[in-house]
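Remarks on the structure that follows.
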Amino acid sequence: MKFDWPQDCPANFARDWSSPLRQVLWSRGLRTDEEVQAFLYPSWDLLIRPENLLKDLEPALQLLLKAKENKQKLLVFGDYDVDGSTAACLLVSSLRAMGFPKVEAFIPHRIKEGYGLSAVAAKRVVETHPAVGLVLTCDCGVSSFEGIEFLKERFVPVIVTDHHSPPPKRVRADAVINPRQADCFYPDKNLAGVGVAFLLMTALRRALGLRNFRLKEVLDLVAVGTICDMVPLQGLNRILVREGLKEMKSLQRPIWKALAEQASQDLGDLEAEDIGFVIGPRLNAAGRVGDPEAGLRALLSASRLEAQTRALELETLNRERRRLQTEQTDRVLSQLLPEESAHLIWSEDFHLGLVGLIASKVVERTRKPACVLTRMEDEVSWDQEGKLKDSVWKGSLRAPEGFHLAQILQGIQSQEELLLSFGGHAAAAGVSVLESQLPKFREAFRVFCKRGLSEEPPWKPEFVVREKPSSAPIQFEDFEILKPFGQANPPPQALVLGFSVENLRILKEKHLRLEGKIQGKKTSVLQFQSPWVSLFQKIQKDRFSLDFIGQLSENKWRGRSRWEWRLLDFQGWGDASKKEIPIKRESSDEVISGASP
Numbered sequence: 236m237k238f239d240w241p242q243d244c245p246a247n248f249a250r251d252w253s254s255p256l257r258q259v260l261w262s263r264g265l266r267t268d269e270e271v272q273a274f275l276y277p278s279w280d281l282l283i284r285p286e287n288l289l290k291d292l293e294p295a296l297q298l299l300l301k302a303k304e305n306k307q308k309l310l311v312f313g314d315y316d317v318d319g320s321t322a323a324c325l326l327v328s329s330l331r332a333m334g335f336p337k338v339e340a341f342i343p344h345r346i347k348e349g350y351g352l353s354a355v356a357a358k359r360v361v362e363t364h365p366a367v368g369l370v371l372t373c374d375c376g377v378s379s380f381e382g383i384e385f386l387k388e389r390f391v392p393v394i395v396t397d398h399h400s401p402p403p404k405r406v407r408a409d410a411v412i413n414p415r416q417a418d419c420f421y422p423d424k425n426l427a428g429v430g431v432a433f434l435l436m437t438a439l440r441r442a443l444g445l446r447n448f449r450l451k452e453v454l455d456l457v458a459v460g461t462i463c464d465m466v467p468l469q470g471l472n473r474i475l476v477r478e479g480l481k482e483m484k485s486l487q488r489p490i491w492k493a494l495a496e497q498a499s500q501d502l503g504d505l506e507a508e509d510i511g512f513v514i515g516p517r518l519n520a521a522g523r524v525g526d527p528e529a530g531l532r533a534l535l536s537a538s539r540l541e542a543q544t545r546a547l548e549l550e551t552l553n554r555e556r557r558r559l560q561t562e563q564t565d566r567v568l569s570q571l572l573p574e575e576s577a578h579l580i581w582s583e584d585f586h587l588g589l590v591g592l593i594a595s596k597v598v599e600r601t602r603k604p605a606c607v608l609t610r611m612e613d614e615v616s617w618d619q620e621g622k623l624k625d626s627v628w629k630g631s632l633r634a635p636e637g638f639h640l641a642q643i644l645q646g647i648q649s650q651e652e653l654l655l656s657f658g659g660h661a662a663a664a665g666v667s668v669l670e671s672q673l674p675k676f677r678e679a680f681r682v683f684c685k686r687g688l689s690e691e692p693p694w695k696p697e698f699v700v701r702e703k704p705s706s707a708p709i710q711f712e713d714f715e716i717l718k719p720f721g722q723a724n725p726p727p728q729a730l731v732l733g734f735s736v737e738n739l740r741i742l743k744e745k746h747l748r749l750e751g752k753i754q755g756k757k758t759s760v761l762q763f764q765s766p767w768v769s770l771f772q773k774i775q776k777d778r779f780s781l782d783f784i785g786q787l788s789e790n791k792w793r794g795r796s797r798w799e800w801r802l803l804d805f806q807g808w809g810d811a812s813k814k815e816i817p818i819k820r821e822s823s824d825e826v827i828s829g830a831s832p
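Each residue of the sequence shown is one higher than the last, beginning at 236 in my numbering.
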């Protein structure tokens with residue numbers, strides 16, 4: 236277990252808070268009382284008006300106002316993930332509420348049409364919506380050169396709203412709303428696609444003079460899309476999610492309660508980190524293994540009965556997604572080589588909608604970058620004799636902290652043009668590559684990842700928990716104020732010394748639950764899909780103690796709440812006494828509370 240000892244914060248830093256909380260705030264880069272106050276108590280002052288700062292906002296507003304005045308048909312073009320579907324729902328519901336008479340939505344098919352406003356998707360847009368007068372994208376479009384060109388050749392104006400890193404060349408859209416553009420002066424660059432759509436709607440509301448129109452009612456969509464797209468929960472995102480979760484629990488949108496019920500959860504108990512585990516997979520299932528517009532239809536449900544019907548449809552798709560994912564993930568994990576600097580796996584048996592999830596599991600297991608690819612059956616070329624000449628492989632990449640996938644792919648492409656297309660963020664990206672280039676791509680991916688981080692990074696615990704604390708004992712409730720937890724603001728991570736294990740449970744032959752005491756209090760330490768099950772199965776003689784790296788987790792179940800630790804790594808063990816440890820192998824879900832994703 237390799238780790239860096241936490242740096243002690245100065246004695247005069249954030250003196251009103253407990254020692255562990257002060258350590259966490261210091262480790263997250265806060266240095267003054269003003270910064271601490273702004274982080275712990277974010278205000279709406281962070282929502283800076285986009286006028287005069289957001290590039291292309293004025294031409295976008297003029298196109299929208301013209302479309303409303305001329306009663307043109309407006310088509311919202313979304314994406315098949317949660318960010319894209321919540322952004323599409325936000326735009327459709329807001330525009331309709333603002334008096335736009337003809338607003339419809341379009342979500343592309345992941346496998347048949349691919350990501351974004353592709354040429355294939357643009358063609359279907361024109362075929363199915365021949366009277367469209369304006370296309371408004373959300374969570375995509377900044378690199379959709381062919382699709383936008385197709386629409387422009389047919390005199391259809393296009394407004395792009397996106398948050399992905401733009402390529403050097405600009406698409407030929409009439410307006411591009413994206414804070415990540417180099418010459419855009421809006422200060423918050425970390426908004427999700429739904430956050431960018433929200434900014435546009437706030438400006439449109441003012442342009443229309445609709446002071447009584449309440450955009451607060453769509454903050455639930457902003458919160459869910461922001462959490463599920465794993466953008467940093469800092470700055471404006473932090474207050475959007477905090478206030479959005481309140482709106483979500485007000486039951487104004489019936490789909491949230493219906494989805495929570497499908498997961499056997501109480502909507503009122505869900506925290507930000509639960510959204511990605513309970514709500515996200517069910518909405519995402521539509522775009523992964525089913526009808527891509529099923530998620531949007533669910534979000535637009537007008538009644539409780541319709542929401543329950545839509546939620547059941549999504550649950551059915553999610554169960555199929557889970558079955559396929561488990562089957563394919565187990566196969567991949569069994570084939571990993573631990574000495575690799577990065578993992579690139581391809582198989583024509585993988586489902587395109589699941590490659591990102593499989594890659595995430597590889598990263599979770601190995602803490603190394605992963606790329607998982609599958610072959611596109613309808614994108615192959617043949618020679619004159621009818622033999623397969625080449626085929627296209629598409630996939631997803633995921634990476635742990637310390638890597639920047641978009642920069643890695645850009646570096647690979649600038650050195651040798653191996654990729655047909657690519658794009659994404661630091662931690663997640665997508666790629667297309669010819670089969671003939673796969674071996675070269677694999678080698679280049681490994682080399683660039685090795686350059687990016689030459690050795691396995693040490694854990695960086697934020698504070699230390701000792702059996703006999705030198706100051707006041709740890710109080711888990713002190714960390715409540717850090718919520719909402721999520722990307723760039725995870726639950727606190729600690730180095731725990733001298734955990735005395737009294738009970739070891741092995742759940743379903745793959746999960747661990749250690750029960751014992753820390754500072755005299757009963758505590759549980761859990762690890763799901765543990766790689767150390769076989770190791771712990773051999774410990775059947777004596778009670779023992781461990782030092783471990785753990786992350787705090789609040790477990791809410793059936794109205795009860797308790798704080799636990801999620802095991803990340805450990806070292807030891809030493810005998811704590813000569814008392815036998817009971818080991819239980821469990822097949823029920825009794826000790827794993829919560830829902831399946």
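Think of the CB as a built atom: it goes at the ideal place given N, C-alpha and C, for glycine as much as any other residue.
Query	Result
Taking alanine 356 as part of the alpha helix (DSSP H), name the residues at either end of that continuous run.	354-363
Going straight from the alpha carbon of serine 765 to that of leucine 434, what length do you get?	42 angstroms
Looking at C-beta atoms only, is the number of pairs between the region 282-300 and the region 409-419 that lie closer than 8 angstroms three or more?	yes
Within its chain, find whatever has a CB closer than 8 angstroms to the CB of leucine 549; leave out the 5 residues flanking it on each side and keep chain order.	Leu494, Gln497, Arg517, Leu518, Ala520, Ala521, Ala529, Gly530 and Ala533
Using the Cα positions of glutamate 452 and asparagine 472, report the straight-line distance between them to the nearest angstrom.	16 angstroms
Of the residues Glu799, Lys424 and Pro336, which one's Cα is nearest the Cα of asparagine 413?	Lys424
Serine 735 to glycine 751, Cα distance in whole Å?	5 angstroms
Taking glutamine 728 and glutamate 702 to be in contact with their CB atoms under 8 angstroms, please state how far apart those CB atoms are, rounded to whole angstroms.	Contact flag wrong, Cβ pair sits at about 19 angstroms.
If we require 4 or more residues per run, which alpha helix (DSSP H) segments fall completely within the region 693-744?	none
Report the rounded CA-to-CA distance for aspartate 618 versus leucine 587, giving the unit in angstroms.	Only weak support is given to the placement of aspartate 618: the predicted model assigns it a pLDDT of 49, under 50, and the value that follows is read from those uncertain coordinates. Rounded to whole angstroms, aspartate 618 to leucine 587 spans 26 angstroms at the Cα level.
For methionine 846, does the three-state DSSP call read helix, strand or coil?	In the structure as shown, the chain begins at 236 and stops at 832. Residue 846 is therefore absent and cannot be evaluated.
Using the C-alpha atoms, what's the distance from valine 524 back to proline 343?	13 angstroms
Going along the chain, which residues of its own chain have a beta-carbon closer than 8 angstroms to the beta-carbon of glutamine 648, five neighbours each way excluded?	Leu654 and Phe657
Output the distance between the C-alpha atoms of alanine 811 and tryptophan 767, rounded to the nearest integer angstrom.	With a pLDDT of only 41 at alanine 811, under 50, the local geometry of the prediction cannot be trusted, and the value read off the model is given with reservation. Cα to Cα, the separation comes out at about 20 angstroms.
Is DSSP giving phenylalanine 585 helix, strand or coil here?	coil
In terms of alpha-carbon separation, which member of Glu478, Asp455 and Ala723 lies closest to tyrosine 276?	Glu478
On the criterion of 16 or more Cβ atoms from any shown chain inside 10 Å, does aspartate 455 qualify as buried, or is it exposed?	buried
From glutamate 712 to aspartate 501, what does the alpha carbon distance come to, in whole angstroms?	21 angstroms
Just to confirm the assignment, what range does the alpha helix (DSSP H) spanning glycine 511 have?	507-513
Could you name the residues that DSSP lists as bridge partners for valine 395?	Val411
List in chain order: all unbroken alpha helix (DSSP H) runs of 4+ residues lying wholly within the region 444-530.	454-463, 471-483, 489-497, 507-513 and 515-524
Between the C-alpha atoms of arginine 359 and alanine 323, what's the straight-line distance to the nearest angstrom?	18 angstroms
Relative to the alpha-carbon of serine 595, which residue among His578, Arg284, Phe771 and Trp240 has its alpha-carbon at the smallest distance?	His578
For leucine 475 and chain D, any beta-carbon pair shorter than 8 angstroms?	The chain inventory of the structure shown lacks chain D, comprising one protein chain alone.
If you count every other CB in all the chains shown that lies within 10 Å of the CB of leucine 540, and 16 or more means buried, which is it?	exposed
Under 8 angstroms, with one C-beta from each stretch per pair, do the region 377-386 and the region 395-404 reach the 3-pair mark?	yes
State the Cα-Cα distance for the pair arginine 602 and leucine 761, rounded to the nearest angstrom.	18 angstroms
Cα-Cα, which of Arg415, Ser538 and Ile474 is closest to leucine 486?	Ser538
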